[in-house]
Amino acid sequence: MAEVVEIDNLPEIYVMEFGGNYYLVRGAQYLDQILFGKEPLGFPVLIKSVKTWDEVLLNWENSGGSMPWILNPGIVERMERDNRKLTSDSFNA
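Quick note: the sequence shown uses numbering that gives the first Met the number 0, first residue 0, plus one each step.
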């Protein structure tokens, strides 16, 4: 069953991995900076693997009819390499 993620301080950018794809579920206002930025982001990025598509949709910040942005794995790799990254399977990190 899908669950809303409970985190005290949810980072500005939140990416969920499902089925080998990465979806931007929070931080769309930073999309240009994520896609085209040359400098590391100045804040943490949370990247979380989930087991169901429902978890992606349930945690998505904008449920106004469109779908979450899918991110190229190369962009996610760059974010992992260049930025402070928070990861957790249990969200009790």
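Beta carbons: idealized from backbone N, C-alpha and C, even for Gly.
Computed from a predicted model, the values in this text were never measured in an experiment.
- Per DSSP, Leu57 is one residue of the alpha helix (DSSP H) stretching across 52-58.
- Shown here for Val75: same chain residues with a beta carbon closer than 6 Å to its own, the five before and five after excluded, namely Tyr21 in chain order.
- For Lys47, the number of other beta carbons within 10 angstroms of its own is at least 16, and it is reported as buried.
- Leu40 is the residue among Met66, Trp68, Leu40, Asn58 whose C-alpha sits nearest the C-alpha of Arg80.
- If you look at Val49, you'll find it isn't in any beta strand (DSSP E); DSSP assigns it neither H nor E.
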